[in-house]
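S.K.:
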Amino acid sequence: MKKTEWDAHFFTQSPIFEPFLPLSAFISVFNTWPTFQDLNALKQQVSVDIVTFSGMPVRFVPQVCENNNSANDDSSVLPYERSIHLTGAVPTRPENWHDFFNALVWLIFPHAKAALNQIHVQSLDQAAQRKNAVRGPLRDAATLFDESGVIVLSSQSEWITLLRQHAWKTVFWQHRASVLTSMRFILFGHALYEKALNPYAGMTGKGGFFKVEEAFLQKPLTEQLHAVDRWLAGFLLHQLSSNADLSPIPVLGYPGWTEANACGDYYDDQQYFRPLVRRK
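Here is the structure:
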């Protein structure tokens with residue numbers, strides 16, 4: 010069942026929400042849903058510039074229906090991604106977890122979110138020049154990561170290789186103790202965060218992998234997030250080309266992200282932990 014009521018302490022439900030802990034002091038004071046004005050106030054407290062590639066400061070605005078162009082906002086007559094690029098205005102529905110998490114991801118990963126927006130705008134421009142309305146594989150991949158992206162950090166190349174090979178039980182169960190100290194999952198996709206309010210077996214993201222030094226994983230969370238934001242922006246702009254560049258990640262496989270995975274049998278469910286299908 011979809012969660013609709015406001016919960017100021019959602020980030021305590023699961024370690025999945027750890028990236029939002031730097032914002033928790035602000036969020037926890039709200040007894041009712043934060044408004045877009047509240048989100049803009051929170052933006053002022055974030056110590057990094059949040060701007061689009063066009064240089065426009067990002068701000069959160071009410072979403073306007075397409076057939077209503079009387080809104081007092083210059084974003085109302087433009088397509089979604091181009092509107093954000095040109096005006097900085099991010100349409101945000103009230104009392105909506107999906108859009109709330111989208112706003113929080115903008116605050117935590119501003120460079121990566123701006124990079125995704127830039128990918129869409131460049132792709133739209135190229136399609137217009139070719140007079141081709143087809144979205145193309147890059148835009149599809151950018152949308153998929155925006156909604157369901159997972160950042161996988163590991164100081165052990167072996168774990169990255171095994172995840173790409175879908176050796177789920179080997180990584181998450183047989184090397185459980187090592188994974189907890191040498192690998193970190195950071196959710197990026199705002200749709201995944203919404204799903205994490207009511208997690209379920211089958212909850213899967215699309216992963217981008219980053220090899221890091223062991224010492225990096227011991228740094229403060231905010232320092233890690235700032236670095237990952239820039240790395241991810243570079244990956245999206247210069248390496249992402251299609252969905253093939255992303256790997257499926259069964260999110261609830263990470264040790265401790267669900268009580269159920271405290272038992273090794275949990276990883277035997279091949280409907281969730283799917284084996285790799287090798288192409289002939």
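According to the numbering used here, the stretch in the sequence shown is residues 10 to 289, in order.
From the three backbone atoms N, C-alpha and C, an ideal C-beta is built for every residue, glycine too.
1. So, helix, strand or coil for L234, using DSSP?
2. Using 10 angstroms around the beta-carbon of F109, count the other beta-carbons present and answer buried if the total reaches 16, otherwise exposed.
3. Locate the beta strand (DSSP E) running through C116, then write down its first and last residues.
4. Pairs of beta-carbons, one from the stretch 188-208 and one from the stretch 141-159, closer than 8 Å: are there three or more?
5. Report the residue from E104, Y276, F35 and L226 whose alpha carbon sits nearest the alpha carbon of P191.
6. Return the chain-ordered list of same chain residues with a C-beta closer than 8 Å to the C-beta of P24, the five sequence neighbours on each side being excluded.
7. Which residues in the same chain as Q280 place their Cβ atom closer than 6 Å to its Cβ, once the five residues preceding and following it in sequence are excluded?
8. Going by beta carbon distance, what residues of the same chain come within less than 8 Å of N76, once the five residues before and after it are set aside?
9. Find out if the Cβ-Cβ distance for the pair F194, Y263 is shorter than 9 Å.
10. Could you have a look at I59 and say whether DSSP puts it in helix, strand or coil?
11. Helix, strand or coil for T96? Go by DSSP, reduced to three states.
12. If I measure Cβ to Cβ from W182 and keep anything under 7 Å in the same chain, skipping five residues before and after, which residues do I get?
13. Output yes or no for whether 9 Å exceeds the beta carbon distance between E222 and S164.
14. On the CB-based measure, 16 or more other CB atoms within 10 Å of its CB, does A137 come out buried or exposed?
15. If you reduce the DSSP assignment to three classes, tell me which class P71 lands in.
16. Can you list, in chain order, the residues of its chain whose CB lies under 7 Å from that of A200, leaving out five sequence neighbours each side?
17. On the criterion of 16 or more Cβ atoms from any shown chain inside 10 Å, does L230 qualify as buried, or is it exposed?
18. Along the beta strand (DSSP E) that carries R283, what are the first and last residues, could you check?
19. A121 and D238 - do their beta-carbons sit closer together than 9 Å?
20. Measure the C-alpha to C-alpha separation of H2 and F19 and round it to an integer number of angstroms.
21. If we ignore side chains and look at the alpha-carbon of each, how far apart do E104 and A17 end up?
22. So R148 packs on I128, CB below 8 Å; how close in whole Å?
23. Apply the 10 Å Cβ neighbour rule to F39 and answer buried if 16 or more other Cβ atoms are within range, or exposed otherwise.
24. Just mark S92 as buried or exposed, buried being the case when its beta carbon has 16 or more other beta carbons within 10 Å.
25. At 3 residues or longer, what runs of the beta strand (DSSP E) sit wholly inside the stretch 199-279?
26. Taking A224 as the reference, give the member of Q233, F218 and G217 with the closest Cα.
27. Please state whether DSSP places S163 in a helix, a strand or coil.
28. Is the beta carbon of A151 sitting closer than 9 Å to the one on L125?
M.R.: Result, derived from the coordinates:
1. For this step, residue 234 is matched to residue 225 along the sequence shown. If DSSP states are grouped into helix, strand and coil, L234 belongs with the helices.
2. Along the sequence shown, read from residue 1 onward, the residue named residue 109 stands at position 100. So F109 counts as buried.
3. Taking the first residue of the sequence shown as position 1, residue 116 is located at position 107. With the sequence shown as reference, residue 116 is identified as Leu, and Cys is not the correct amino acid for it. Segment W106 to I117 is the alpha helix (DSSP H) holding L116; no beta strand (DSSP E) there.
4. yes
5. Walking along the sequence shown from the start, residue 191 turns up at place 182. According to the sequence provided, residue 191 is Ser. The question's Pro does not apply to it. Ranking the options by Cα distance to S191, first place goes to L226.
6. As a first step, residue 24 must be located in the sequence shown, where it is residue number 15. Here the set comprises G265 and W266.
7. For the purposes of this step, residue 280 is taken as the residue at position 271 of the sequence shown. Answer for Q280: no residue qualifies.
8. The sequence position of residue 76 within the sequence shown is 67, counting from 1. Below a pLDDT of 50, predicted positions are generally treated as unreliable, and N76, at 45, falls in that range; the measurement from the model is reported next regardless. Cβ within range, chain order: n/a, list empty.
9. Numbered from 1 along the sequence shown, position 185 holds the residue referred to as residue 194. Numbered from 1 along the sequence shown, position 254 holds the residue referred to as residue 263. Yes; because the gap between Cβ atoms is below 9 Å, this pair is in contact.
10. As a working mapping, residue 59 is identified with position 50 in the sequence shown. If DSSP states are grouped into helix, strand and coil, I59 belongs with coil.
11. Along the sequence shown, one-based indexing puts residue 96 at 87. Helix at T96.
12. Position 173 of the sequence shown, counted from the start, is the residue given in the question as residue 182. Cβ neighbours of W182 beyond the five flanking positions: G273 and Y276.
13. Numbered from its first residue, the sequence shown carries residue 222 at position 213. Numbered from its first residue, the sequence shown carries residue 164 at position 155. Yes, the pair counts as a contact, with Cβ atoms nearer than the cut-off.
14. Locating residue 137 in the sequence shown gives position 128, counting from the first residue. So A137 ends up on the exposed side.
15. The residue you call residue 71 lines up with position 62 of the sequence shown. Looking at P71 - three-state DSSP - the assignment turns out to be strand.
16. The residue you call residue 200 lines up with position 191 of the sequence shown. H107, E156 and S157.
17. The count along the sequence shown starts at 1 and reaches residue 230 at position 221. Flag for L230 reads exposed.
18. In the sequence shown, counting from the first residue as 1, residue 283 sits at position 274. Premise fails: R283 is in no beta strand (DSSP E) and is neither H nor E.
19. Translated into the one-based positions of the sequence shown, residue 238 becomes position 229. Translated into the one-based positions of the sequence shown, residue 121 becomes position 112. Yes, the Cβ-Cβ distance between D238 and A121 is below 9 Å.
20. Residue 2 lies beyond the stretch modelled for the chain, which goes from 10 to 289, so this question has no answer here.
21. The residue given as residue 104 occupies position 95 in the sequence shown. The residue given as residue 17 occupies position 8 in the sequence shown. Looking at the two C-alpha atoms, the distance is approximately 12 Å.
22. In the sequence shown, counting from the first residue as 1, residue 148 sits at position 139. In the sequence shown, counting from the first residue as 1, residue 128 sits at position 119. Between I128 and R148 the Cβ distance is about 7 Å, and since that is below 8 Å, they are a contact.
23. The count along the sequence shown starts at 1 and reaches residue 39 at position 30. So F39 counts as exposed.
24. As a first step, residue 92 is located in the sequence shown; it is residue number 83 there, counting from the start. Buried, by the Cβ-count rule.
25. 213-220 and 256-259
26. Translated into positions along the sequence shown, residue 224 becomes position 215. Comparing Cα positions, the closest option is Q233.
27. As a position in the sequence shown, residue 163 is number 154, starting the count at 1. Strand.
28. By 1-based counting over the sequence shown, the position of residue 151 is 142. By 1-based counting over the sequence shown, the position of residue 125 is 116. Yes, they are a contact pair.
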